[in-house]
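In what follows, a structure is listed as structure tokens, so that the remarks can point back to it.
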Amino acid sequence: MPKLRYGILFLVLLLALVACSKKEDTPVDRLSAYVDLWNEAKFTEMYDDYITESSKEVFGKEQFIERTEKLYADLDISSVEVIFDKPEEEKTYKKEEDVEFPVQIKLETIAGEIEFKKNVPLTYNEQGETKNWFIEWDPSFILPDLSMHDKVGISTIQSKRGEIYDRHDKAIAINGSGAEIGIVPEKFNAEADAEKLATLLGTTADFINEQLNQSWVQPGHFVPIKKLPFTQEEIYNEALQIAGVTSMKAEMREYPYAKSLAHLIGYIGQINAEELEELKDKGYKESDLVGKRGLEQLLEERLRGEDGIQIYIEKTEQNGERVTVAETPAVDGENITLTIDAEFQKAVFVEMNGEPGTAAIIDPKTGETLVLASSPAFDPNELALGIHATRYAELTDDPAEPLLNRFAATYAPGSSIKPITAAIGLTAGTLKPEEGHTIEGKKWQKDSSWGNFHVTRLYTAPNPVDLKKALVYSDNIYFAKEALKMGNKQFIEGLQQFGFGEEIPFKYGLRTSQISNDGKIASEGQLADTSFGQGQMLMNILHLASTYGAIVNDGQMTKPVLFADEKKSEVWKEGLLSAEHAAMLQEDLRAVVTDGFAEAANIPSPKISGKTGTTELKSSQEEAGKENGFFVAYPTDDPTYIIAMMIEGVENKGGSGYVAEKVANVMKTR
């Protein structure tokens, strides 16, 4: 028992000796340990074990722990790096003297890196049962120059959406302005005029009254109701005639060419839930605007700017002066220039006069797309501001389908394809231009194996019917006979050489032109129909214009382009025609205008060459059906552009001659 007592006594003495021999912390040791905890964001331990009592009394846990943690969260601080370079020489520090050491602080925040130096003061004193070096702390340890009563804020630096211009730097989609219609309550008679104003602005009286009854509204305030684009000047002027209604200038996306370029350019609008779900990983928010149609949607990534972020300190004791702590500048969206000629497009659109149809104009040498029009159209300025359901229903219920983008679709080209059929036959060697067919009457079939199927023609050409007469008189029977001579295989291969069945190499999605639904021709009757653009053949209007490029370019089709920064004059297809055959077809297409049924285009200047086409859309039970009229043309003496236009419903307007006249009117303006 005595031995055990002596053993315990020995152990106690040994522990006391070890304790007495333990080296005391230096301020360097203390700061090193504090920095380690700081880098690990262990704020509670830092506060409890390392901060002076005087700092705790002044700032408390609310400032040290809660404020720090909240700011780290609010500023999205993803990493903290505090660097303390210990003094190289060991030194004895007097406990009665305060010391301080510099540390380097780096924070990765939502607005970029914050880096600053901080001199950390330490003092030796007794706190509770502990004597050691403690840190004199203040809020400037969190952010540079931050004091207890300062406010830390985050602001967004708005970027600008990129703008779109035409080939002559004319504005097509810009960050412009319009008017915000509003009400001064004390001057407005809601009972008498709310319904009238609501009808004008395409909203409801209930909505107007809700705006007027908001808690912040005072008699002399301006209460915003609706933004109006510059294109709605009549509505604007009429609204301002109502007592108490006024306006303010408002920033908005502006489309100066309005309906003329609507389908190509599209518009922007408030992001919806489905779009937000798809785009949220790219930084989109509920308040963002996004491209809804056309190039605004297609080029969203290029047009959309990247907002900047600023972290600032509002110095409450210095009259609210703001001090920027970190800032990521805004990056504006890219400005984009098109090959489109906006004035040329406007002339085409005006000439189409709201009739359903489409038109494309290309430069056959460079491939530059000068016009891509769809008629009728909507006003993108109106839709960009948020259209009322009643007004949107008017657009969707309109039988002319103003929301339908016709230049992206395909249509049966009718006789406008005949020059391409001729080109295929000439190149294949099956079509001899000087040889004619003797054709009697307006109906023909190869033999009785065709049953009730006949090829019909509208006009009777004098026999023998050669290539030139067949084009001038648009003789379906001639082209049916030539297609039969070529045969399915050769004709299909020829059409494929002209780009049928393959994606059009264009940076705006266009439907692929087709020979038939399955790319095959199943019968002689279908072969005959396809030769003059009927059957199941469908063609895109831009592709149609491009195919005529082979006629003016000695057998070469140029890749169509839309953007000014794209490479020009790239070959899409070549070897489609010999120079001799191309010259022959050019002569024939001039004769179509001077001697044929495109006489409406036979104007003094410019001289025009081209080919008409009409397709009849009907079921077998109908006597007659709707007709689409085509005309593809170019200036005879200087084919710097090719225009292809289609107008729907020309059956009572003169057929394709009606379209030829419209094209001629457009060409007069150049």
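With mature numbering (1 follows the signal peptide of the UniProt record, and there is no 0) as the guide, the letters of the sequence shown map in order to residues -21 to -1, 1 to 649. Cβ atoms here follow ideal geometry from the backbone N, Cα and C, with glycine treated the same way.
Enclosing alpha helix (DSSP H) for residue i [first to last residue]
i, result
"R281", "E279 to L282"
"F609", "No alpha helix (DSSP H) contains F609, which is instead part of the beta strand (DSSP E) from K605 to P614."
"P6", "P6 to N18"
"M465", "N455 to M465"
"F22", "F22 to Y29"
"L268", "Element bounds for L268: not the alpha helix (DSSP H) but the beta strand (DSSP E), L268 to G270."
"N188", "A184 to L191"
"S510", "E503 to S510"
"E34", "Note that residue 34 corresponds to Ser in the displayed sequence, not to Glu. E32 to K40 is the span of the alpha helix (DSSP H), which, as asked, contains S34."
"R46", "It is not in any alpha helix (DSSP H) - R46 carries neither H nor E in the DSSP assignment."
"Y637", "S635 to K647"
"P398", "K397 to A407"
"Y215", "E212 to A218"
"M516", "Neither: M516 is in no alpha helix (DSSP H) and is coded neither H nor E."
Counted within 10 angstroms of its Cβ, other Cβ atoms place residue i as buried (16 or more) or exposed
i, result
"L219", "exposed"
"M331", "buried"
"R370", "exposed"
"S34", "buried"
"H147", "exposed"
"Q106", "exposed"
"N607", "buried"
"N519", "buried"
"D27", "exposed"
"L437", "exposed"
"residue 653", "Coverage of the chain is limited to positions -21 through 649, which leaves residue 653 absent and any answer about it impossible."
"N496", "exposed"
"S(-1)", "Because S(-1) sits at a pLDDT of 43, beneath the cut-off of 50, its placement in the model cannot be relied upon, and the following sentence gives the value as read from the coordinates. Answer is exposed; the Cβ neighbour count stays below 16."
"Y611", "Going by the sequence as given, residue 611 is Val instead of Tyr. When all chains shown are included, V611 counts as buried."
"I62", "exposed"
"P443", "exposed"
"K448", "buried"
"T537", "buried"
"R283", "buried"
Beta-carbon proximity check, residue i vs residue j, cutoff 7 Å
i, j, result
"K240", "Q324", "A small fix is needed here, since residue 240 is Leu in this sequence, not Lys. Cβ atoms of L240 and Q324: closer than 7 Å."
"G161", "V202", "yes"
"residue 654", "A524", "Nothing can be reported for residue 654: it is not among the residues displayed for the chain, which extend from -21 to 649."
"S510", "F477", "no"
"Y620", "D286", "no"
"R272", "A388", "no"
"T159", "A229", "It should be pointed out that residue 159 corresponds to Glu in this sequence rather than to Thr. Result yes, Cβ atoms of E159 and A229 sit closer than 7 Å."
"N581", "V571", "no"
"A184", "E170", "no"
"F80", "L125", "no"
"E293", "K130", "yes"
"G514", "Q505", "yes"
"K422", "T435", "yes"
Beta-ladder partner(s) of residue i, from DSSP
i, result
"N111", "N104"
"G161", "P203 and T225"
"W423", "V434"
"N581", "Per DSSP, none; premise fails for N581."
"Y291", "G132 and T303"
"F95", "I84"
"T537", "V550"
"I247", "G270"
"V61", "I84"
"F594", "A quick correction: the sequence has Thr, not Phe, at residue 594. According to DSSP, which records beta bridges pairwise, T594 is partnered with N607."
"V196", "According to DSSP, V196 bridges with nothing at all."
For residue i, three-class secondary structure by DSSP
i, result
"H367", "coil"
"T318", "coil"
"W429", "helix"
"G589", "strand"
"R232", "strand"
"S(-1)", "Legend: pLDDT at S(-1) = 43, less than 50; position of this residue unreliable, no value from coordinates given."
"E553", "coil"
"I56", "coil"
"A440", "coil"
"L(-8)", "Unreliable positioning characterises L(-8) in this predicted model, as indicated by a pLDDT of 45, which lies under 50. The coordinate reading is nonetheless provided below. Residue state, collapsed to three classes: helix."
"E414", "coil"
"E254", "helix"
First and last residue of the uninterrupted beta strand (DSSP E) at residue i
i, result
"G132", "K130 to I136"
"I622", "I621 to E627"
"E79", "V78 to T88"
"S354", "T348 to S354"
"I341", "G336 to I341"
Chain D contact for residue i (CB, 7 Å cutoff)
i, result
"E347", "The structure shown contains no chain D; it is built from a single protein chain."
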